[in-house]
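Undergrad:
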Amino acid sequence: MSEHILIVGTGRDFPARIRAARPGARTTVFCRLDSVGRVRDPGDNARVLGLRDDAPEQEWVDLAAAVHARDPFTRIGTFGERNQNHYARIAEALGLTAHSPDTVHLVHDKRAMRARLSEAGVDSTAGVRVSGVEELRTFVRRYGLPCVVKPVSNSGSAGITKVTDESGLAEAYARAASSYEGLADAGVLVEEFLDGPQFSVEAVSEAGEHQVVAITAKFSDPASFVELGHVTPARLTDEVRDEVHTYVGAVLDALGVEFGPTHSEICLTEKGPRLIETHVRMGGDEIPALVRDATGVDVDECAVRQTLGESVLPDVRATLTENRPAPCSAVWFAALESTGVLDRVGRLDEARSLPGVTEVRLLAKPGAEVGGLTSSDSRVAFARALADTPEDAARAARGAVELLEFTLKVSPHQGRAI
1 MSEHILIVGT
11 GRDFPARIRA
21 ARPGARTTVF
31 CRLDSVGRVR
41 DPGDNARVLG
51 LRDDAPEQEW
61 VDLAAAVHAR
71 DPFTRIGTFG
81 ERNQNHYARI
91 AEALGLTAHS
101 PDTVHLVHDK
111 RAMRARLSEA
121 GVDSTAGVRV
131 SGVEELRTFV
141 RRYGLPCVVK
151 PVSNSGSAGI
161 TKVTDESGLA
171 EAYARAASSY
181 EGLADAGVLV
191 EEFLDGPQFS
201 VEAVSEAGEH
211 QVVAITAKFS
221 DPASFVELGH
231 VTPARLTDEV
241 RDEVHTYVGA
251 VLDALGVEFG
261 PTHSEICLTE
271 KGPRLIETHV
281 RMGGDEIPAL
291 VRDATGVDVD
301 ECAVRQTLGE
311 SVLPDVRATL
321 TENRPAPCSA
331 VWFAALESTG
341 VLDRVGRLDE
351 ARSLPGVTEV
361 RLLAKPGAEV
371 GGLTSSDSRV
381 AFARALADTP
391 EDAARAARGA
401 VELLEFTLKV
411 SPHQGRAI
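With this note's numbering applied, the sequence shown corresponds to residues 1 to 418, in that order.
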């Protein structure tokens with residue numbers, strides 16, 4: 001019987017990559033109706049099925065079971081945050097290999113994640129789900145300021161606020177309580193502020209064994225927490241690097257991660273590594289490309305192979321120990337303070353020709369409303385660069401985006417006149 005893989009979510013280019021990796025394999029895509037138009041080359045799939053955004057989880061399971069009865073699925077995969085809960089429940093119902101519903105719940109629900117890590121003795125960062133501003137004040141009275149207020153479930157740094165004064169609690173709560181695309185409003189979480197440099201850790205797991213592939217230094221806007229830059233590898237001592245490897249492995253064990261790529265965001269505090277959040281997926285923000293440049297490991301390819309049931313850990317470890325040039329790779333994003341309609345972008349060719357720069361790409365098209373930095377979707381361009389040191393790579397990527405010139409159309413003030 002040929003392979004038939006159910007992809008939950010649009011899958012970006014992964015359905016095509018899976019079919020290419022396993023000749024004769026067929027793919028079926030399940031996604032939300034508002035995402036059907038983003039499925040690439042839909043006719044190359046056996047079928048593409050869309051469900052309402054508010055469709056209950058059981059409807060996803062029942063539809064998958066109906067297709068499975070006529071055309072059995074042999075495997076299941078998902079390649080983003082959205083719909084992971086449906087993916088896990090479908091896999092459980094059909095007996096397919098996937099992350100457990102419990103693991104997906106722990107990763108998505110940051111309060112549940114905090115509780116599990118505390119129970120396991122891995123991380124004692126204080127965090128409480130709150131249902132109003134008064135409960136925020138109670139937390140502050142116990143743990144002090146600053147604190148971080150954010151949605152229990154969020155993506156792309158949306159809805160996160162660092163609060164340094166009690167006068168900002170109400171606004172922070174309102175911002176976190178809003179709903180964000182693809183993730184239901186699951187409540188508000190307040191956490192103690194973690195002070196120290198931040199990093200992301202890419203790992204690949206197999207049969208409960210974890211291999212850290214790369215540690216990436218990240219640079220975020222201090223007000224919105226939106227990430228503006230990344231560089232791989234981070235400049236760390238061997239002792240700190242080993243500590244991070246051990247800590248992330250303990251986190252993944254506590255959350256029940258058995259296989260696949262993970263993207264964990266940590267802070268190196270005076271007390272050691274502390275988790276900000278983790279994800280059972282590849283990193284965003286071009287991080288897989290940085291990791292591939294710096295280590296030779298293609299995390300996206302690992303995800304494809306593991307979805308098809310292949311073992312990847314021996315190859316990952318062999319690649320990491322190869323004697324090969326190891327450039328440092330960085331990405332930097334552009335964001336605009338002014339608000340308006342993007343008219344044009346200048347000096348693109350000049351930015352692309354700078355030494356070390358490997359890519360400059362626009363994220364906002366002419367005619368798009370731009371301005372402000374509220375989430376990762378607010379960024380308008382990025383540049384990637386290679387260099388011999390992390391500092392030089394970051395400097396080259398940042399220099400390329402700072403060279404770009406953005407022209408906006410701004411509407412005149414239309415307020416009342418007296």
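From the three backbone atoms N, C-alpha and C, an ideal C-beta is built for every residue, glycine too.
Nothing here was measured: the structure is a model prediction, and the numbers come from that model.
Less than 9 Å between the beta carbons of Thr216 and Leu290, yes or no?
TA: Residue mapping note: residue 216 aligns to position 216 of the sequence shown, counting from 1. Residue mapping note: residue 290 aligns to position 290 of the sequence shown, counting from 1. In this structure, Leu290 lies closer than 9 Å to Thr216 by Cβ.
Undergrad: Looking only at its chain, what residues have a beta carbon closer than 7 Å to the beta carbon of Arg114, apart from the 5 residues adjacent to it on each side?
TA: Indexing the sequence shown from 1 puts residue 114 at position 114. Closer than 7 Å at the Cβ level, and outside the excluded window around Arg114, lie Thr125 and Gly127.
Undergrad: Taking the alpha helix (DSSP H) that Lys110 belongs to, which residues open and close that run?
TA: On the sequence shown, residue 110 is found 110 positions in, with the first residue counted as 1. Here the alpha helix (DSSP H) through Lys110 covers Lys110 to Glu119.
Undergrad: What are the start and end residues of the beta strand (DSSP E) that includes Asp427?
TA: For residue 427 there is no data in the structure shown, the boundaries of the chain being 1 and 418.
Undergrad: Let me check understanding here. Comparing Cα to Cα, which of Ala25, Val212 and Pro366 lies closest to Thr319?
TA: Here residue 319 corresponds to residue number 319 of the sequence shown, with the count starting at 1. Among Ala25, Val212 and Pro366, the Cα nearest to that of Thr319 belongs to Val212.
Undergrad: Could you tell me which residues DSSP pairs with Trp332 in its beta bridges?
TA: The residue labelled residue 332 in the question sits at position 332 within the sequence shown. Answer by DSSP bridge pairing, in chain order: Gly229 and Ala383.
Undergrad: Report the option in Ala46, Arg75, Phe30 and Pro42 whose CA atom is closest to the CA atom of Asp62.
TA: As a first step, residue 62 is located in the sequence shown; it is residue number 62 there, counting from the start. Nearest option by C-alpha distance: Phe30.
Undergrad: From the DSSP secondary-structure annotation, give me the bridge partner or partners of Gln211.
TA: Here the question's residue 211 lines up with position 211 in the sequence shown. Answer is Val204, bridged to Gln211.
Undergrad: What separation, rounded to the nearest whole angstrom, lies between the Cα atoms of Gly182 and Ala158?
TA: Mapped onto the sequence shown, residue 182 falls at position 182. Mapped onto the sequence shown, residue 158 falls at position 158. Only weak support is given to the placement of Gly182: the predicted model assigns it a pLDDT of 46, under 50, and the value that follows is read from those uncertain coordinates. The alpha-carbon atoms of Gly182 and Ala158 are separated by roughly 12 Å.
Undergrad: The beta strand (DSSP E) spanning His245 covers which residue range?
TA: As a first step, residue 245 must be located in the sequence shown, where it is residue number 245. The continuous stretches of beta strand (DSSP E) do not include His245, which lies in the alpha helix (DSSP H) extending over residues Asp238 to Ala254.
Undergrad: Could you spell out where the beta strand (DSSP E) holding Glu192 opens and where it closes?
TA: Walking along the sequence shown from the start, residue 192 turns up at place 192. From DSSP, the beta strand (DSSP E) with Glu192 extends over Val188 to Glu192.
Undergrad: Mind checking whether Ala112 and Asp253 have CB atoms under 9 Å apart?
TA: Taking the sequence shown and counting its residues from 1, one reaches residue 112 at position 112. Taking the sequence shown and counting its residues from 1, one reaches residue 253 at position 253. Their beta carbons are not under 9 Å apart, which means Ala112 does not touch Asp253 by this criterion.
Undergrad: Out of Phe73, Thr74 and Ala88, state which residue places its alpha-carbon closest to the alpha-carbon of Gly80.
TA: Here residue 80 corresponds to residue number 80 of the sequence shown, with the count starting at 1. The candidate whose alpha carbon is nearest that of Gly80 is Ala88.
Undergrad: Exposed or buried, which one is Asp53 when buried takes at least 16 other CB atoms within 10 Å?
TA: Against the sequence shown, residue 53 aligns to sequence position 53. Exposed is the call here.
Undergrad: Assign Leu290 to one of three DSSP states: helix, strand, or coil.
TA: Here residue 290 refers to the residue found at position 290 of the sequence shown. In the structure shown, Leu290 sits in a helix (DSSP, three-state: H, G or I).
Undergrad: Assign Phe406 to one of three DSSP states: helix, strand, or coil.
TA: Position 406 of the sequence shown, counted from the start, is the residue given in the question as residue 406. Of the three classes helix, strand and coil, the one that applies to Phe406 here is strand, per DSSP.
Undergrad: Could you give the DSSP three-state label for Leu183: helix, strand or coil?
TA: Position 183 of the sequence shown, counted from the start, is the residue given in the question as residue 183. Note that Leu183 has pLDDT 49, beneath the 50 cutoff, so the model's placement of it is unreliable and the number below is only indicative. The answer is strand: DSSP assigns Leu183 an E or B state.
Undergrad: Just to confirm, are Ala294 and Ser329 a CB contact at a threshold of 9 Å?
TA: Position 294 of the sequence shown, counted from the start, is the residue given in the question as residue 294. Position 329 of the sequence shown, counted from the start, is the residue given in the question as residue 329. Yes, the pair counts as a contact, with Cβ atoms nearer than the cut-off.
Undergrad: Buried or exposed for Glu402, going by 16 or more other Cβ atoms inside 10 Å?
TA: One-based indexing of the sequence shown puts residue 402 at position 402. It counts as exposed.
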